[in-house]
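Take a look at the structure set out below.
In our numbering, the protein residues as written are 922 to 1171.
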């Protein structure tokens, strides 16, 4: 305890000096809102709380409103089809899915940066206007990847009667329809990936049974052949290219 008190005593003057000098620098600008004629301001504490809340929700937004879901599901099915339980590791698959998602979503992010982020940083639009402009490109992307049947399903469930066209679909209806459509597309791609590896497993199992080697696991014998096939056809390039092209990215 004595060393803790000593360190605190040494640090307190430095902290106080830093706090005094920090007053001369520009802090976080307060966000104004018009509740009365004189207006008002959100405190810096509330702004920091709002920023931390957004950072907490950001991973969910990344998964649910971008191409990440389709990519990670396809990569997981690929690993299962090859019979590799932990190779590539989850961290590698998540990294591949993340950076491929950034590649696919980059045109959308550019529009958000030009139409929403830069005007907001230049203080030419309000935070609410920036949020509305940022949602619009994401709305267009999700709508272009969502099946009409899935969209109609959630519109019917929600009971909305004032939607004249798909472009007018509210974001709270579009997101679950988009996720459902992405999962369906991911499983369709995964099924096509699974077929050649399944054929190899069947051939190896038939050969082992014909040779009377029933106690030997076919997976152990077929695994090198599946890896060799995947390498010979340049499988990673095919998978990545197919996933990128499935979103309309050339």
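C-beta atoms are modelled at their ideal positions from N, C-alpha and C, and glycine is treated no differently. For clarity, every value in this text was computed on a predicted model and none was experimentally measured.
- Message: I'd like to know whether the C-beta atoms of residue 1084 and residue 1054 end up nearer to each other than 9 Å.
- Response: For the pair residue 1084 and residue 1054, the CB atoms are not nearer than the 9 Å cut-off.
- Message: Which same chain residues end up closer than 7 Å to residue 1036 when comparing Cβ atoms and leaving out the 5 residues on each side of it in sequence?
- Response: The answer, listed in chain order, is 1054.
- Measure the Cβ-Cβ separation of residue 1110 and residue 995 and say whether it is below 9 Å. Cβ distance < 9 Å, so residue 1110 and residue 995 count as in contact.
- What is the DSSP secondary structure of residue 944, counted as helix, strand or coil? Residue placement at residue 944 is flagged as unreliable, the pLDDT there being 42, under the threshold of 50; the coordinate-derived value follows with that caveat. Look at residue 944 here: in three-state DSSP terms it is coil, with no helix or strand label.
- Report yes if the C-beta distance between residue 1095 and residue 1063 is below 9 Å; otherwise report no. Yes, they are a contact pair.
- Query: Taking the alpha-carbon positions, what's the residue 998 to residue 1056 distance?
  - Reply: C-alpha separation (whole angstroms): 31 Å.
- First and last residue of the uninterrupted alpha helix (DSSP H) at residue 1053: From DSSP, the alpha helix (DSSP H) with residue 1053 extends over 1048-1066.
- Message: Below 8 Å, how does it come out for the segment 1115-1122 and the segment 1088-1106: are there three or more Cβ pairs, yes or no?
- Response: With the cut-off at 8 Å, the segment 1115-1122 and the segment 1088-1106 do not touch.
- Query: Can at least three beta-carbon pairs, one atom from the segment 1063-1072 and one from the segment 1098-1107, be found at a separation below 8 Å?
  - Reply: A contact exists between the segment 1063-1072 and the segment 1098-1107.
- Quick one: which unbroken alpha helix (DSSP H) runs of 4-plus residues sit fully inside the segment 962-1001? Chain order, please. Annotation: the segment 962-1001 contains the following complete segments of the alpha helix (DSSP H) (minimum length 4 residues), in chain order: 965-985.
- Message: Could you give the first and the last residue of the continuous alpha helix (DSSP H) run that contains residue 1106?
- Response: Residue 1106 -> alpha helix (DSSP H) spans 1092-1131.
- Message: Can you confirm whether the segment 1039-1050 touches the segment 1001-1009 when touching is taken to mean that 3 or more C-beta pairs between the two stretches lie within less than 8 Å?
- Response: Result no; under three Cβ-Cβ pairs closer than 8 Å.
- Message: Whole angstroms are fine: how far does the CA of residue 1058 sit from the CA of residue 1074?
- Response: Looking at the backbone, the Cα of residue 1074 and that of residue 1058 are separated by about 23 Å.
- Query: residue 1139 to residue 1112, Cα distance in whole Å?
  - Reply: Using only the alpha carbons, I get a separation of about 21 Å.
- Message: Assuming contact is defined by CB atoms lying nearer than 9 Å, are residue 1164 and residue 992 in contact in what I supplied?
- Response: It is a contact, given that the beta carbons lie within the stated cut-off.
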